[in-house]
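Presented below is the structure to which this report refers.
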Amino acid sequence: MKITVCELPDQRKSFDAAWGDLVDHVGAEKSDLVVLPDMPFSSWFVSSDRFDRGVWAAAVRAHHEWEHRLRELGPAIVIASRPVDFGNERYDEGFLWDEPLGMLSVHAKSYLPDVKGARDGSWYDSATAEYVPVEVRGLHIAMLIGSEMWAPRGYEEEHLDVLAIPRAGDMAALGDCVQRACSLARHAHAFAASSNRSGTFGGQAWIISPEGQLLGQTSAGEPFLSVNVALHATHGESRHFDVFAH
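Sequential numbering from 1 applies to the sequence shown in the working numbering.
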């Protein structure tokens, strides 16, 4: 099984070019699972602490318009998040896209710290904290969105194979994200895969083993990372990945 993570630009023209490069990379690598950044299909708007209904509506519309483009990454499973309206409420919703199943809503962001660059609470509501994996193609996949890495509880007691973490910048005030992700991977007995926006957002998408080992991360010069892994059952319900040179 091959996992792909990436760092993608915030600026839309640069994003369009990078998307084409990502599609080529995923096709050449024959990726099985692709993790994208947090709300990747619009420029980042959550840095402002003032809600703007027009900006929000444009972001929702952009993600809806990009939905059909996800098949360009097929047959890989694709994981990311998107802004959604739910009645009078708004959410940062985690989704999983699969060719036969289409778009599945699998999570909604619940942990919304108010920090510089991410004024989440001004833009969307805090969802009920539910940490339930979804099973697709025999894989148990779960998601944390950005700052939820620092939430007081998570998936430690669940049966997981992959923990996907879409990001849009790293909040230094909360601590070292890579170290935190290594800890989450160990506690969840799962493989952690995270993508981010590039440039001033910090980039550095990464893949971590269930043993908490950093297996690789992207850079400005190498914005895509694919790792070939083999899933094996271990004692009880937990699983781990054997990682081969790629």
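The beta carbon of each residue, even a glycine, is placed where N, CA and C say it ideally should be. For clarity, every value in this text was computed on a predicted model and none was experimentally measured.
Using beta carbons (cut-off 8 Å, strictly below), is residue i in contact with chain D?
{"i": "L184", "result": "Looking at the structure shown, chain D is missing, and only one protein chain is on hand."}
For residue i and residue j, I'd like the C-alpha separation in whole angstroms.
{"i": "P47", "j": "G169", "result": "With the sequence shown as reference, residue 47 is identified as Ser, and Pro is not the correct amino acid for it. Cα to Cα, the separation comes out at about 10 Å."}
{"i": "G202", "j": "F86", "result": "31 Å"}
{"i": "C177", "j": "R61", "result": "30 Å"}
{"i": "E135", "j": "D24", "result": "27 Å"}
{"i": "F95", "j": "P133", "result": "12 Å"}
{"i": "L231", "j": "M1", "result": "8 Å"}
{"i": "L225", "j": "A181", "result": "17 Å"}
{"i": "L214", "j": "N88", "result": "41 Å"}
{"i": "I145", "j": "A58", "result": "21 Å"}
{"i": "V248", "j": "I3", "result": "Past the boundaries of the shown model lies residue 248; the chain is included only from 1 to 246, so the question cannot be answered."}
{"i": "N196", "j": "R167", "result": "5 Å"}
State the start and end residues of the unbroken alpha helix (DSSP H) segment that holds residue i.
{"i": "V134", "result": "Not the alpha helix (DSSP H): V134 falls in the beta strand (DSSP E), residues V134 to V136."}
{"i": "H187", "result": "C177 to A188"}
Just verifying my parser: in three-state terms, what is the DSSP assignment at residue i?
{"i": "E253", "result": "Because the chain is modelled from 1 through 246, residue 253 falls outside the range shown and cannot be assessed."}
{"i": "M39", "result": "coil"}
{"i": "K13", "result": "helix"}
{"i": "R50", "result": "coil"}
{"i": "H107", "result": "strand"}
{"i": "A59", "result": "helix"}
{"i": "W44", "result": "coil"}
{"i": "S219", "result": "coil"}
{"i": "S226", "result": "strand"}
{"i": "L22", "result": "helix"}
{"i": "G146", "result": "helix"}
Please list the terminal residues of the continuous beta strand (DSSP E) segment that includes residue i.
{"i": "R69", "result": "Unbroken run through R69: none, as it is neither H nor E."}
{"i": "G121", "result": "That residue, G121, is in no beta strand (DSSP E); its alpha helix (DSSP H) goes D120 to W123."}
{"i": "L163", "result": "V162 to P166"}
{"i": "A143", "result": "Note on residue identity: the sequence assigns Met, not Ala, to residue 143. It spans L139 to M143 - the beta strand (DSSP E) in which M143 sits, taken as one unbroken run."}
{"i": "P83", "result": "I77 to F86"}
{"i": "T128", "result": "Neither: T128 is in no beta strand (DSSP E) and is coded neither H nor E."}
{"i": "L96", "result": "E89 to D98"}
{"i": "E7", "result": "K2 to L8"}
{"i": "S194", "result": "F191 to R197"}
{"i": "W206", "result": "W206 to I208"}
Taking buried to mean at least 16 other C-beta atoms within 10 Å of its own C-beta, is residue i buried or exposed?
{"i": "P9", "result": "buried"}
{"i": "S14", "result": "exposed"}
{"i": "H246", "result": "Bear in mind that the predicted position of H246 carries a pLDDT of just 33, short of 50, making it unreliable; the figure below should be weighed with that in mind. Exposed, by the Cβ-count rule."}
{"i": "Q179", "result": "exposed"}
{"i": "E130", "result": "exposed"}
{"i": "E93", "result": "buried"}
{"i": "P75", "result": "exposed"}
{"i": "Q204", "result": "buried"}
{"i": "P223", "result": "buried"}
{"i": "E29", "result": "buried"}
{"i": "L112", "result": "buried"}
Can residue i be considered in contact with the ligand MN, in the sense that its beta carbon sits closer than 7 Å to one or more heavy atoms?
{"i": "R50", "result": "Among the components of this structure there are no ligands whatsoever, and the ligand MN is therefore not found."}
Is the segment 28 to 47 in contact with the segment 110 to 120, if contact means three or more CB pairs nearer than 8 Å?
-> yes
Does the segment 70 to 87 touch the segment 36 to 43, meaning 3 or more C-beta pairs lie closer than 8 Å?
-> yes
Evaluate contact between the segment 159 to 168 and the segment 186 to 199, counting only Cβ atoms and requiring at least three cross-stretch pairs below 8 Å.
-> yes
Stretch-stretch touch, CB-based, cutoff 8 Å, three pairs: the segment 95 to 112 with the segment 51 to 58 | no
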